[in-house]
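Data block below; observations after.
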Amino acid sequence: MPAILARKLGMTQVFAEDGHVERVTVLEAGPCPVTAIRTFDRDGYEAVQLAFGATKEKHLTRAELGHLKKADAPPLRHVREFRDEAGELMIGETVTVEAFEVGQTVKIAGTSKGKGFQGTIKRHNFASGPKSHGSHNVRAPGSIGASATPSRVFKGIRGPGQMGNKRVTQKGLTIVDIRPDDNLLLVRGSVPGPRNGVVEVRTDG
Numbered sequence: 001m002p003a004i005l006a007r008k009l010g011m012t013q014v015f016a017e018d019g020h021v022e023r024v025t026v027l028e029a030g031p032c033p034v035t036a037i038r039t040f041d042r043d044g045y046e047a048v049q050l051a052f053g054a055t056k057e058k059h060l061t062r063a064e065l066g067h068l069k070k071a072d073a074p075p076l077r078h079v080r081e082f083r084d085e086a087g088e089l090m091i092g093e094t095v096t097v098e099a100f101e102v103g104q105t106v107k108i109a110g111t112s113k114g115k116g117f118q119g120t121i122k123r124h125n126f127a128s129g130p131k132s133h134g135s136h137n138v139r140a141p142g143s144i145g146a147s148a149t150p151s152r153v154f155k156g157i158r159g160p161g162q163m164g165n166k167r168v169t170q171k172g173l174t175i176v177d178i179r180p181d182d183n184l185l186l187v188r189g190s191v192p193g194p195r196n197g198v199v200e201v202r203t204d205g
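Mapping to the working numbering: the sequence shown position 21 is 21, numbers consecutive.
This is how it looks when you write it as structure tokens:
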């Protein structure tokens, strides 16, 4: 079950051999050196830790630099752990796009675009109120109270608030093309997050 860190470059389209158009997201995936291996005996769980995103030494703390040097890795900004993905990997090895195959199904996790404080119509697809005959309830959410019993508003009710800027996992995405020379992964469909956002790519299933 391969996994890798990637940077979302944007969306484009490519033509398949039979002429039909594939809408794809282009990901710059890896190379990701293995910086740590978590074992059940020592850590209580099994995982592999990958690093990604070249940066300058001055942008990292001494602790982060020391951790990367143990694995003979260059200064890298992002470090993530992938549960149950260790397999035969060892510290110091590098994961590249060649760990994946064309036609493979993957799931991609990232931080969605933040849209700020939004109302119920945009955030939860509520319907708007009447817009004529003196109505003052055009985009208001309406009554949220119950009655004398229970005399309170239940927790978890859908209302206005922060929209986006949270972890989202998109499942069932298919790899359309792999370009190892450029470290590119072309995935059918859209991927969470803005351009240049870092995402986690895992096999789905």
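Each residue gets a CB set at the ideal place from its N, CA and C atoms; glycine is no exception. Values in this document were obtained by computation on a predicted structure and should not be read as measured data.
Per-residue burial, residue i [other beta carbons within 10 Å of its own, 16 or more giving buried]
i	result
K73	Looking at the sequence provided, one finds Ala at residue 73 rather than Lys. A73 comes out buried.
V26	buried
I157	exposed
V24	buried
E93	exposed
V153	exposed
T120	buried
E200	buried
A47	buried
P150	exposed
Own chain residues within Cβ distance below 7 Å of residue i, not counting five before or after
i	result
V79	T35, Q49 and A51
L76	A51, F52, G53, A54, T55 and L68
S112	G164, N165, K166, V168, P192 and G193
Neighbourhood of residue i by C-beta distance below 8 Å, restricted to the same chain and skipping five residues each side
i	result
F196	It is worth fixing the name first, because residue 196 is Asn in this sequence and not Phe. Excluding residues within five positions, the ones whose Cβ falls inside 8 Å are R7, K8 and L9.
N183	E28, A29, G30, P31, T96 and V97
K131	V138
L65	E57 and P75
Three-state secondary structure (DSSP) of residue i
i	result
L186	strand
E88	coil
V102	coil
P180	helix
K171	strand
T120	helix
H78	strand
A109	strand
L27	strand
Residue i vs residue j beta-carbon contact at 9 Å
i	j	result
E22	R179	no
P160	F117	yes
L186	V14	yes
N137	G129	yes
K70	I91	yes
Q170	A109	yes
V198	L5	yes
Residues of its chain near residue i, where Cβ-Cβ distance is below 6 Å and the 5 sequence neighbours each way are ignored
i	result
R123	M163
L89	V34 and V48
> For the region 168-176 against the region 102-113, are there 3 or more C-beta pairs whose distance is under 8 Å?
Replying inline: yes
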